[in-house]
Amino acid sequence: MEKEPEQQKTRRIAGVHFSKASKIERYLAGNIELSLHDFVVIKGDHGEVVGQVVTLPRDEPASSVATNIKPILRKATNTDIDKYHQDMEKALEAYDLCEKKILERDLYMKLVDVSFEDNKAIFFFFAEERVDFRALVKDLASSLHMRIEMRQIGARDEAKAIGSMGPCGIVCCCETYLQEFKPISITMAKNQGLSPNPAKLTGMCGKLKCCLNYENETYLNERKDLPPIGAKVKIKEGDGIITNLDILKHLCSVRVDNEDGYEEVRCKCSDCQVLSKPRGSQKKTKEKEKVREEKETKKDEKLEG
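Numbering (my numbering), first residue to last: 3 to 307.
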């Protein structure tokens, strides 16, 4: 049997977006040579659409790529790019018009971005609650003479559209390559031994940082064989209670009582003989915290999906 050609085993996938507020979509790059921020042409539902490359093409197993994924038709020509910029100018005019109508109708919503796709204008907005924008849509359709779509987005999408730098010193991940927002909870910070300090854990969007998810699984795996904080252990200095863990280094701090009061001993987790683990009440408290965090996460992420 003839061996399957190597090029059929993988697919080159690039990330493209059509406006700052829109999601990063995946497309087949084929053999097209692409650089970051290149303009490309995609076949839309009602014609060709110009987008911008935000993640470079990379090979992925063909089995993991959706069968209905669309291809990039070509790199945009000067004519395509000129039309794109003309649409951007129209979008700015539509943005000003929409803001004016929002104020006139006293709607509790914040306009974030406008884009033209497939002969329709898409208005991205942020709002804490649901908004009845039917009258606004009529106003916009009457003035712009085209189909109008309103898309309510979440705080993370808003930050992505506005653009910002993270405390790490680089452009926020949501603006460069994240294709979807995964639920983030304070438990992820606790899993990694991070202090639950809102100022340090909150991103530019006001939500917990997306990067808390990046190493969460690694920390969970590393913690599996380590004694938990609060466990009573025996070490060469005596019996004590684990007060802190250095998860990646497999080190722990043990509080050992002595004649002078107590001392903190730092040692390898493998040198600890566990005498007893924390009480079940602590486990119940953690379970309650988990349920509460899941509820809060679902509430926060309603608009992020």
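All C-beta atoms, glycine included, are put in the ideal place defined by N, C-alpha and C. Keep in mind it's a predicted model, so treat the numbers as computed, not measured.
Cα-Cα separation, residue i to residue j
| i | j | result |
| --- | --- | --- |
| lysine 77 | cysteine 269 | 58 Å |
| lysine 5 | phenylalanine 128 | Because the pLDDT of lysine 5 is 45, which lies under 50, any placement of that residue in the model is unreliable, and the question is left without a value. |
| glutamine 181 | lysine 122 | 23 Å |
| serine 283 | glycine 156 | In this predicted model, serine 283 has a pLDDT of only 42, less than 50, meaning its place in the structure is not dependable; the value taken from the coordinates is given anyway. So the two alpha carbons sit approximately 37 Å from each other. |
| threonine 308 | valine 42 | The question about residue 308 has no answer, for the chain in this structure spans 3 to 307. |
| serine 21 | aspartate 115 | 8 Å |
| alanine 31 | isoleucine 172 | 26 Å |
| valine 133 | methionine 111 | 7 Å |
| leucine 146 | leucine 99 | 9 Å |
| histidine 87 | isoleucine 188 | 42 Å |
| histidine 252 | lysine 234 | 17 Å |
| lysine 211 | isoleucine 26 | 19 Å |
Supposed contact pair residue j and residue i - C-beta distance, whole angstroms, cut 8 Å
| i | j | result |
| --- | --- | --- |
| alanine 161 | cysteine 174 | 6 Å |
| phenylalanine 126 | alanine 23 | 4 Å |
| valine 56 | threonine 178 | 6 Å |
| leucine 94 | leucine 138 | Not quite, the Cβ-Cβ distance comes to about 18 Å (not below 8 Å), so this is no contact. |
Which residues DSSP lists as bridging residue i, in chain order
| i | result |
| --- | --- |
| tyrosine 29 | Ala16 |
| isoleucine 44 | Val51 and Ile74 |
| glycine 208 | Glycine 208 pairs with nothing; no bridge assigned. |
Beta strand (DSSP E) segment containing residue i, residue limits
| i | result |
| --- | --- |
| valine 51 | 49-63 |
| isoleucine 313 | Nothing can be reported for residue 313: it is not among the residues displayed for the chain, which extend from 3 to 307. |
| arginine 257 | 253-260 |
| valine 139 | Premise fails: valine 139 lies in the alpha helix (DSSP H), 136-146, not in any beta strand (DSSP E). |
| asparagine 246 | 240-248 |
| arginine 268 | 263-270 |
| alanine 233 | Per DSSP, alanine 233 belongs to no beta strand (DSSP E) and is neither H nor E. |
Beta-carbon proximity of residue i to residue j, cut-off 8 Å
| i | j | result |
| --- | --- | --- |
| glutamate 266 | isoleucine 249 | no |
| proline 59 | leucine 36 | yes |
| proline 198 | alanine 191 | yes |
| isoleucine 231 | threonine 220 | no |
| cysteine 271 | proline 229 | yes |
| glycine 195 | leucine 113 | no |
First and last residue of the uninterrupted alpha helix (DSSP H) at residue i
| i | result |
| --- | --- |
| alanine 163 | 157-164 |
| threonine 310 | With the chain running from 3 to 307 in the structure shown, residue 310 is simply not present. |
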